[in-house]
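Chemist: With the working numbering applied, the sequence shown corresponds to residues -5 to 92, in that order. One structure coming up, written as C-alpha coordinates, with questions to follow.
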Amino acid sequence: MSRSVWKGPFVEESLIKKVEKQKLDPKKMPIKTWSRKSTIIPEFIGVSFLIYNGKKFIPVTISEDMVGHKLGEFSPTRTFFGHTPADKKAKPATAVKK
(Lines of atoms letter the chains of each structure in order from A and count residues from 1; the text may use other names and numbers.)
(Lines give C-alpha, C1' and ligand atoms only; values in the text may rest on other atoms or scores of the structure.)
Protein backbone atom coordinates (compact mmCIF):
# COMPACT_ATOMS: atom_id res chain seq x y z
CA MET A 1 0.00 0.00 0.00
CA SER A 2 1.39 3.39 -0.94
CA ARG A 3 1.44 6.57 1.12
CA SER A 4 -1.57 8.91 1.06
CA VAL A 5 -1.32 11.74 -1.47
CA TRP A 6 -2.43 14.37 1.04
CA LYS A 7 0.44 13.45 3.38
CA GLY A 8 3.09 13.96 0.70
CA PRO A 9 6.39 12.07 0.36
CA PHE A 10 8.25 11.05 3.50
CA VAL A 11 11.66 12.70 3.90
CA GLU A 12 13.66 12.90 7.15
CA GLU A 13 13.64 16.48 8.44
CA SER A 14 17.36 16.29 9.24
CA LEU A 15 18.06 15.19 5.66
CA ILE A 16 16.24 18.22 4.22
CA LYS A 17 18.24 20.53 6.49
CA LYS A 18 21.53 18.91 5.44
CA VAL A 19 20.67 19.28 1.74
CA GLU A 20 19.76 22.96 2.17
CA LYS A 21 23.00 23.53 4.07
CA GLN A 22 25.04 21.75 1.38
CA LYS A 23 23.51 23.89 -1.41
CA LEU A 24 25.14 26.95 0.21
CA ASP A 25 28.47 25.21 0.95
CA PRO A 26 31.09 25.37 -1.85
CA LYS A 27 32.84 22.12 -0.73
CA LYS A 28 30.00 19.76 -1.81
CA MET A 29 30.92 16.90 0.53
CA PRO A 30 28.58 13.87 0.27
CA ILE A 31 25.83 13.64 2.90
CA LYS A 32 26.09 10.50 5.05
CA THR A 33 22.67 9.03 5.83
CA TRP A 34 21.09 5.97 7.39
CA SER A 35 17.60 6.99 6.21
CA ARG A 36 16.94 4.46 3.44
CA LYS A 37 13.19 5.04 3.77
CA SER A 38 13.33 8.70 2.69
CA THR A 39 11.81 9.55 -0.70
CA ILE A 40 13.94 11.41 -3.23
CA ILE A 41 12.47 14.84 -3.95
CA PRO A 42 13.43 17.32 -6.73
CA GLU A 43 15.53 19.40 -4.31
CA PHE A 44 17.95 16.44 -4.04
CA ILE A 45 18.97 16.51 -7.75
CA GLY A 46 22.73 16.86 -8.10
CA VAL A 47 23.42 16.11 -4.42
CA SER A 48 25.76 13.25 -3.46
CA PHE A 49 24.74 10.88 -0.66
CA LEU A 50 26.50 8.08 1.20
CA ILE A 51 23.65 5.61 1.88
CA TYR A 52 24.18 2.91 4.51
CA ASN A 53 23.37 -0.63 3.40
CA GLY A 54 23.88 -2.32 6.78
CA LYS A 55 27.59 -2.88 6.32
CA LYS A 56 29.10 0.10 4.50
CA PHE A 57 28.14 3.41 2.90
CA ILE A 58 27.39 3.31 -0.84
CA PRO A 59 28.06 6.56 -2.79
CA VAL A 60 25.06 7.75 -4.86
CA THR A 61 24.61 10.97 -6.85
CA ILE A 62 20.95 11.87 -7.39
CA SER A 63 19.70 12.41 -10.96
CA GLU A 64 16.30 13.40 -12.37
CA ASP A 65 15.29 9.79 -13.03
CA MET A 66 15.58 8.93 -9.32
CA VAL A 67 12.91 11.41 -8.13
CA GLY A 68 10.01 9.60 -6.44
CA HIS A 69 12.05 6.53 -5.50
CA LYS A 70 13.46 5.71 -2.05
CA LEU A 71 17.14 6.20 -1.19
CA GLY A 72 17.41 2.54 -0.16
CA GLU A 73 16.61 1.36 -3.69
CA PHE A 74 20.03 2.54 -4.84
CA SER A 75 22.00 0.90 -2.04
CA PRO A 76 21.58 -2.90 -2.26
CA THR A 77 21.83 -4.79 1.02
CA ARG A 78 22.55 -8.24 -0.39
CA THR A 79 25.55 -9.40 -2.38
CA PHE A 80 24.86 -11.82 -5.23
CA PHE A 81 27.73 -14.22 -5.84
CA GLY A 82 26.09 -16.06 -8.74
CA HIS A 83 24.55 -19.46 -9.04
CA THR A 84 26.52 -22.59 -8.15
CA PRO A 85 27.73 -24.62 -11.11
CA ALA A 86 25.63 -27.70 -11.96
CA ASP A 87 28.55 -30.12 -11.62
CA LYS A 88 29.24 -28.94 -8.09
CA LYS A 89 25.62 -29.34 -7.00
CA ALA A 90 24.82 -32.77 -8.49
CA LYS A 91 27.30 -35.52 -7.65
CA PRO A 92 27.69 -38.31 -10.19
CA ALA A 93 25.80 -41.53 -9.37
CA THR A 94 28.32 -43.78 -11.20
CA ALA A 95 30.84 -43.73 -8.35
CA VAL A 96 28.92 -46.22 -6.19
CA LYS A 97 31.04 -48.94 -4.41
CA LYS A 98 29.86 -52.51 -3.94
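Note that beta-carbon positions come from the ideal geometry of N, C-alpha and C, so glycine has one too.
Quick check on this structure: which residue in V(-1), G62, E67, S69 has the alpha carbon closest to the alpha carbon of I35?
Modeler: For I35, the nearest C-alpha among the options comes from G62.
Chemist: Using three-state DSSP, classify V13 as helix, strand or coil.
Modeler: helix
Chemist: Suppose contacts are defined by Cβ-Cβ distances below 8 Å. Is K56 in contact with G40 by that definition?
Modeler: Before going further, note that residue 56 is Ile rather than Lys in the sequence given. The Cβ-Cβ distance between I56 and G40 falls below 8 Å.
Chemist: Could you check what DSSP says for P36 in three-state terms: helix, strand or coil?
Modeler: helix
Chemist: Where does the unbroken beta strand (DSSP E) through I25 begin, and where does it stop?
Modeler: 25 to 27
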